[in-house]
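Position 23 of the sequence shown, counted from 1, bears residue number 25 in my numbering, the numbering being contiguous throughout. Data first, discussion second: the structure below is written as structure tokens.
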Amino acid sequence: MRHSLWLSILVAGLAGSLAAACHSDVALGGPNTLVRVEHEPIGPNCPTGGVSIHTGLDDDGDTFLDDDEITSTQLVCNGSTTVQCAGGNVLTGTIAVRVAADWAQLDGINCIAGELMIAGLASTTIPARPDLQIVTGDLVIAGNTELTTLAGLRGLREVGGTYLVQGNDALVDIAAIGGVKRVGGIQLIGNDALTDLAGLSTLTDIDASLSISNNAGLTSLAGLDNLRTTTRTISIRANQGLTSLDALANLRQAQLIEISGNEALASIALPSLKKVDVRLQILTNAKLVEVSLPALSTIGDFVRFDGNPALRRVDMPVLLTLGGLQVSNANLLEVVNAPSLVFATTTVQLINLPRLHTLALDSLTSIGDALVLNTLADLSTLAGLARLQSIGGAFSVLMTGSLRDFTGLGALESVSGAMAVSNNAQLRSFAGLGKLTEVGGDLTITANPLLPASTSQAFAQRLLVRGALTIR
């Protein structure tokens, strides 16, 4: 059942007049972008209810966004906000602008105590509303296929929730967002004509999340050049034409950073970034060759590099502490360089990196949980782990292709969890593990074709193994 807030953004009333203008533009990602807005009931997604905003391409050309055409969904949940109206003329509730006549309800209004939704309009501009300064909830500008500018809202100063701009195919001017002094989050999603973020230079130290995703024509983040810190999240996802992050050269700190699915992005360099409070994720960027984080010293939770098939080098030269390090599924990666890293409080995982030959973790002394070395065909030495003394969880060495022994792990004294050494094609001995005295869990040594069983037995006999022993 369609709720009263439902919108198909090539609406039936406009379908006839827009039919001649609608076309499939491959440069902007194929068929027309549709947006469907529906009521989101009270539940685990939104404890206080709200709306769900679905976006996708009209693959079957019926001007309705079918369930199987949805590629992304944004939840806008109801909730309390610290932004309040400050007098003047107040309009209360969820205010919807769907046709030109709806603008009249905002004449002379200074504050909306609730949400403002602008969706499905055929106009190229938003009529100037200089009096409107505050929206206490969310501001949603979605699926206005002809809209080119947000200039009509340049008087807006506070948005208590999210400023969401989604699925406006002709939008090129977002400078009005730069005038907002207080906002919970800014989300720019699926605006295919947007080539940069000009007009956002006022964003410096912000208490807001920033999400930039699925903007097919976006080539750079120019406009964010003054951004230094955010206490929340920065996510840059699936912008297929994005080639540069140079505008983030001044970024120093963020709570969480995700850079994923940007097909044309060849390099990530964040020269001023010093701290990530929670986590950093760099995922599935098809052409990404190198990552350079020369000033990064602390990551509160973990850093994850996964599914970047062209990635060759990761540099974090002054990184001192983090929760976990996860590097995986990068067929061309040769170097992981973090020579100053001292502590990893959770796991270090290096998985499916067939070209990795240099692992430089020269200062690492302690891993709080597991160390996993899995499917590393070219790694022939563990010299980059020379100071590692303890592993708080499991230690797994699996499917290495060039490793002959454990030279480089001369400082390792204890493995608190299980230890597994299996399917290592060239492994011949346990040389290099002279200080290891205890394995806190099971010890499994199997399917290492060049490793004599007698060598494995001798190694196990000199250890205190607190779990089961399997050698074959």
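Every residue, glycine too, gets a C-beta built ideally from N, C-alpha and C. Bear in mind that the values here come from a model prediction, so they are computed numbers and not experimental data.
Just how far apart, CA to CA, sit residue i and residue j?
{"i": "L335", "j": "S294", "result": "14 Å"}
{"i": "A433", "j": "P296", "result": "35 Å"}
{"i": "R4", "j": "L375", "result": "The predicted position of R4 is uncertain, since its pLDDT is 33 and thus under 50; a value taken from the coordinates is nonetheless stated next. Answer to the nearest angstrom: the Cα atoms are 51 Å apart."}
{"i": "G90", "j": "V182", "result": "19 Å"}
{"i": "W8", "j": "E40", "result": "Note that W8 scores 34 on pLDDT, short of 50, meaning its location in the model is unreliable and no value can be drawn from it."}
{"i": "Q86", "j": "G162", "result": "8 Å"}
{"i": "A379", "j": "Q459", "result": "25 Å"}
{"i": "L466", "j": "G394", "result": "16 Å"}
{"i": "T477", "j": "M421", "result": "Residue 477 lies beyond the residue range present for the chain, which begins at 3 and ends at 474; the question has no answer from this structure."}
{"i": "S215", "j": "S416", "result": "45 Å"}
{"i": "L220", "j": "V350", "result": "35 Å"}
{"i": "V441", "j": "A372", "result": "13 Å"}
{"i": "L282", "j": "V337", "result": "19 Å"}
{"i": "T457", "j": "E292", "result": "41 Å"}
{"i": "D27", "j": "G243", "result": "Caution applies to D27, whose pLDDT of 36 falls short of 50 and renders its modelled position unreliable; the value that the coordinates give is listed next. Going by the C-alpha atoms only, they are around 15 Å apart."}
{"i": "N310", "j": "T245", "result": "15 Å"}
{"i": "T65", "j": "R234", "result": "36 Å"}
{"i": "A470", "j": "K277", "result": "42 Å"}
{"i": "A256", "j": "D279", "result": "6 Å"}
{"i": "L229", "j": "L355", "result": "34 Å"}
{"i": "E160", "j": "G263", "result": "31 Å"}
{"i": "A218", "j": "V399", "result": "42 Å"}
{"i": "L202", "j": "V344", "result": "38 Å"}
{"i": "I111", "j": "G370", "result": "57 Å"}
{"i": "I72", "j": "H56", "result": "6 Å"}
{"i": "L482", "j": "R389", "result": "The structure shown has nothing for residue 482, since the chain only spans 3 to 474."}
{"i": "N425", "j": "S392", "result": "24 Å"}
{"i": "V305", "j": "D133", "result": "45 Å"}
{"i": "Q463", "j": "I270", "result": "48 Å"}
{"i": "A29", "j": "R239", "result": "Because the pLDDT at A29 is just 33, under 50, the model does not fix this residue reliably, and the point stays unresolved."}
{"i": "N146", "j": "N287", "result": "29 Å"}
{"i": "A455", "j": "A427", "result": "15 Å"}
{"i": "P451", "j": "L435", "result": "20 Å"}
{"i": "A23", "j": "A195", "result": "Because A23 sits at a pLDDT of 32, beneath the cut-off of 50, its placement in the model cannot be relied upon, and the following sentence gives the value as read from the coordinates. Each residue's alpha carbon lies about 16 Å from the other."}
{"i": "L363", "j": "N170", "result": "46 Å"}
{"i": "T2", "j": "I143", "result": "Residue 2 lies beyond the residue range present for the chain, which begins at 3 and ends at 474; the question has no answer from this structure."}
{"i": "P319", "j": "I301", "result": "13 Å"}
{"i": "F260", "j": "T231", "result": "For the record, residue 260 in the displayed sequence is Glu; it is not Phe. Spanning the two alpha carbons is a distance of roughly 15 Å."}
{"i": "V185", "j": "T84", "result": "10 Å"}
{"i": "R474", "j": "T446", "result": "9 Å"}
{"i": "A340", "j": "A88", "result": "51 Å"}
{"i": "D377", "j": "L67", "result": "The question names Asp, but residue 377 in the sequence shown is Thr. Cα to Cα, the separation comes out at about 43 Å."}
{"i": "S431", "j": "S418", "result": "22 Å"}
{"i": "G325", "j": "I284", "result": "16 Å"}
{"i": "V423", "j": "T448", "result": "7 Å"}
Terminal residues of the continuous beta strand (DSSP E) containing residue i?
{"i": "T96", "result": "92–99"}
{"i": "S475", "result": "The structure shown does not extend to residue 475, since the chain spans only 3 to 474, so no value can be given for it."}
{"i": "T448", "result": "445–448"}
{"i": "T472", "result": "471–473"}
{"i": "A115", "result": "113–121"}
{"i": "D308", "result": "300–308"}
{"i": "G187", "result": "184–191"}
{"i": "N376", "result": "373–376"}
{"i": "L141", "result": "141–144"}
{"i": "G45", "result": "No beta strand (DSSP E) holds G45; DSSP gives it neither H nor E."}
{"i": "T138", "result": "Here T138 belongs to no beta strand (DSSP E), and DSSP marks it neither H nor E."}
{"i": "G162", "result": "160–168"}
{"i": "I214", "result": "211–215"}
{"i": "L361", "result": "360–362"}
If residue i sits next to residue j, beta carbons under 8 Å apart, how far is it from one beta carbon to the other, in whole angstroms?
{"i": "L190", "j": "I176", "result": "7 Å"}
{"i": "L381", "j": "S404", "result": "6 Å"}
{"i": "D308", "j": "S330", "result": "5 Å"}
{"i": "S299", "j": "L321", "result": "6 Å"}
{"i": "L352", "j": "L361", "result": "7 Å"}
{"i": "L253", "j": "L267", "result": "Actually they are not in contact, since the Cβ atoms of L253 and L267 sit about 16 Å apart, beyond 8 Å."}
{"i": "V53", "j": "Q168", "result": "About 12 Å separates the two Cβ atoms, so there is no contact after all."}
{"i": "L212", "j": "I179", "result": "Going by Cβ atoms, the distance from L212 to I179 rounds to 10 Å, so no, they are not a contact pair."}
{"i": "A200", "j": "A172", "result": "A200 to A172, Cβ: 16 Å. No contact."}
{"i": "L313", "j": "L327", "result": "That belief does not hold up - the Cβ atoms of L313 and L327 are roughly 15 Å apart, past 8 Å."}
{"i": "L358", "j": "L384", "result": "So it is not a contact: roughly 12 Å between Cβ atoms."}
{"i": "V92", "j": "A115", "result": "5 Å"}
Kindly indicate the opening and closing residues of the alpha helix (DSSP H) around residue i.
{"i": "T457", "result": "455–463"}
Does any CB atom of chain D fall closer than 8 Å to the CB of residue i?
{"i": "E148", "result": "Checking the listed chains, one finds no chain D in this structure; it contains a single protein chain."}
**Prompt:** Is it a yes or a no for the stretch 150–168 touching the stretch 116–129, going by three-plus beta-carbon pairs under 8 Å?
**Reply:** yes
**Prompt:** Could you give the uninterrupted runs of the beta strand (DSSP E) lying entirely in the stretch 328–355, keeping only those of 3 residues or more?
**Reply:** 337–339, 350–353
**Prompt:** Touch check for the stretch 57–64 and the stretch 128–143: three-plus C-beta pairs under 8 Å?
**Reply:** no
**Item:** Residue ranges of each beta strand (DSSP E) within the stretch 380–444, 3 or longer
**Value:** 397–400, 421–424
**Asked** At what residue ranges does the stretch 225–297 contain a whole run of the alpha helix (DSSP H), taking only runs of 4 or more?
**Response** none
**Whole beta strand (DSSP E) elements within the stretch 51–78, 3-residue minimum** = 52–59
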